[in-house]
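Undergrad:
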Amino acid sequence: MFALPLTTDVELRPLEPWRAEEFLAHLDRAREHIAPWVPATFVATDLTAARAVLQRSADAWARDAGGVWGLWWRGTLVGGVMLVSFDVSRGVCEVGCWSEPAAQGRGMVGRAVRALVDWAVRERGIQRVEWRTRADNVRSIALARRLGLRRDGTLRQVLPGPTGRLDLEIWSVLADEWQSTSPADEQRTGLPAGERAADSTRGEHAVE
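Count along the sequence shown from 1, then add 772; that gives the number in the working numbering.
1) Mapping the DSSP letters down to three states, classify Trp841 as helix, strand or coil.
2) Rounded to a whole number of angstroms, what is the C-alpha to C-alpha distance between Ala874 and Val850?
3) Going by C-alpha distance, which of Glu804, Arg937, Arg904, Ala837 is nearest Leu754?
4) Nearest to Ala792 by alpha carbon, out of Ile806, Glu804, Trp841, His805?
5) Hey, how far is the Cα of Ala956 from the Cα of Arg928?
6) Using a Cβ-Cβ cutoff of less than 6 angstroms, which residues in the same chain neighbour Val864 once the five nearest sequence positions on both sides are dropped?
7) Once DSSP output is grouped into helix, strand and coil, what is the label at Gln899?
8) How would you call Arg886, buried or exposed, if buried means at least 16 neighbouring beta carbons within 10 angstroms?
9) For Val860 and Arg835, I'd like the C-alpha separation in whole angstroms.
10) Which value, in whole angstroms, describes the spacing of the CA atoms of Gly933 and Leu826?
11) Counting C-beta neighbours from all protein chains within 10 Å, is the total for Gly868 16 or more, i.e. buried, or is it exposed?
12) CB-CB under 6 angstroms to Val893, same chain, minus the five flanking residues each way: which ones, in chain order?
13) For Ala775 and Gly936, what's the separation of their Cα atoms in angstroms?
14) Do you know how far the Cα of Glu902 is from the Cα of Ser944?
15) Judging by CA-CA distance, which residue of Asp831, Asp890, Leu940 is the nearest neighbour of Asp908?
16) Out of curiosity, what's the CA-to-CA distance linking Arg917 and Arg923?
17) Just the C-alpha distance for Val815 and Thr953, rounded to the nearest angstrom, thanks.
18) Where do the ends of the alpha helix (DSSP H) carrying Phe795 lie?
19) Decide if Gln959 is buried, meaning its Cβ has at least 16 other Cβ atoms within 10 Å, or exposed.
20) State the DSSP-derived secondary structure class of Ala952, mapped to helix, strand or coil.
21) Assuming Glu783 contacts Trp833 under a Cβ cut-off of 8 angstroms, what Cβ separation, rounded to an integer in Å, is found between them?
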């Protein structure tokens with residue numbers, strides 16, 4: 773229940789704590805692929821940690837401060853999208869995404885991010901959507917470009933890395949820019965997490 777079809781084969785659903793076993797199995801398939809780009813606390817290695825990751829997101833959703841949604845391709849969880857941060861009072865949010873190799877090259881992550889941004893802008897009045905990614909994350913930067921985001925700049929050596937400090941790029945899109953380029957009916961399906969199911973990320977997570 774509470775699924776938003778993106779294509780005939782792909783659904784966007786809430787990734788809730790009770791899905792921890794499924795989430796952990798997905799992470800086991802995705803771990804090597806996403807580990808260089810996501811916080812270690814996200815890539816859970818046991819069921820307790822997996823449940824904690826999803827519970828933190830559920831708590832953020834309850835506070836209207838973020839959330840996470842999974843992507844199911846032909847019934848299998850293969851990735852997801854998230855609101856890393858969400859602040860209606862400031863009109864600013866940050867989106868992110870991740871996927872396992874089976875989801876690459878199918879366009880599903882881009883569709884999911886577009887649905888999430890569209891909801892944030894059109895339904896919740898967000899004025900600025902941010903995308904933060906390591907400067908060497910080529911896939912993340914390519915996806916930001918495809919979505920029509922603009923690069924604001926680079927925070928130099930802001931992140932610790934295994935061989936030295938890393939640069940972080942900031943990309944964004946403003947509400948008027950998004951609404952002028954994104955068809956109003958393309959993904960205007962209401963709340964992505966399920967409250968309107970009948971109608972129906974940090975940037976370093978973006979590893980489609």
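The beta-carbon is built from N, C-alpha and C at its ideal position, and this holds for glycine as well.
TA: Put simply:
1) Note: Trp841 maps to strand in three-state DSSP.
2) Cα-Cα distance, rounded: 7 angstroms.
3) A query on residue 754 cannot be resolved here, the shown segment of the chain reaching from 773 to 980 and no further.
4) Looking from the CA of Ala792, the closest CA among Ile806, Glu804, Trp841, His805 belongs to Trp841.
5) Its pLDDT being 48, under 50, Ala956 is placed unreliably by the model, and the measurement read from it follows with that caveat. Distance between the alpha carbons of Ala956 and Arg928 is about 37 angstroms.
6) Excluding positions up to five away in sequence, the list reads Arg900.
7) Under the three-state reduction of DSSP, Gln899 is assigned to coil, being neither helix nor strand.
8) Here Arg886 is buried. Its C-beta has 16 or more other C-beta atoms within 10 Å.
9) For Val860 and Arg835, the distance between alpha carbons rounds to 11 angstroms.
10) Taking the CA atoms as reference points, Gly933 sits about 25 angstroms from Leu826.
11) Gly868 is buried by the Cβ-count criterion.
12) Excluding residues within five positions, the ones whose Cβ falls inside 6 angstroms are Ala947, Trp950.
13) Using only the alpha carbons, I get a separation of about 42 angstroms.
14) Near 4 angstroms, if we compare the C-alpha coordinates of Glu902 and Ser944.
15) The candidate whose alpha carbon is nearest that of Asp908 is Leu940.
16) Spanning the two alpha carbons is a distance of roughly 9 angstroms.
17) Thr953 has its alpha-carbon roughly 34 angstroms from the corresponding atom of Val815.
18) In the DSSP assignment, Phe795 falls within the alpha helix (DSSP H) that extends over 792-806.
19) Reliability of the predicted coordinates at Gln959 is poor, the pLDDT of 44 falling under 50, and the value obtained from them is presented with this limitation in mind. Classification for Gln959: buried.
20) The question names Ala, yet the displayed sequence has Ser at residue 952. Ser952 carries a helical assignment under DSSP once its states are collapsed to helix, strand and coil.
21) Taking a contact as a CB-CB distance under 8 angstroms, the pair Glu783 and Trp833 does not count as one, their CB atoms being some 18 angstroms apart.
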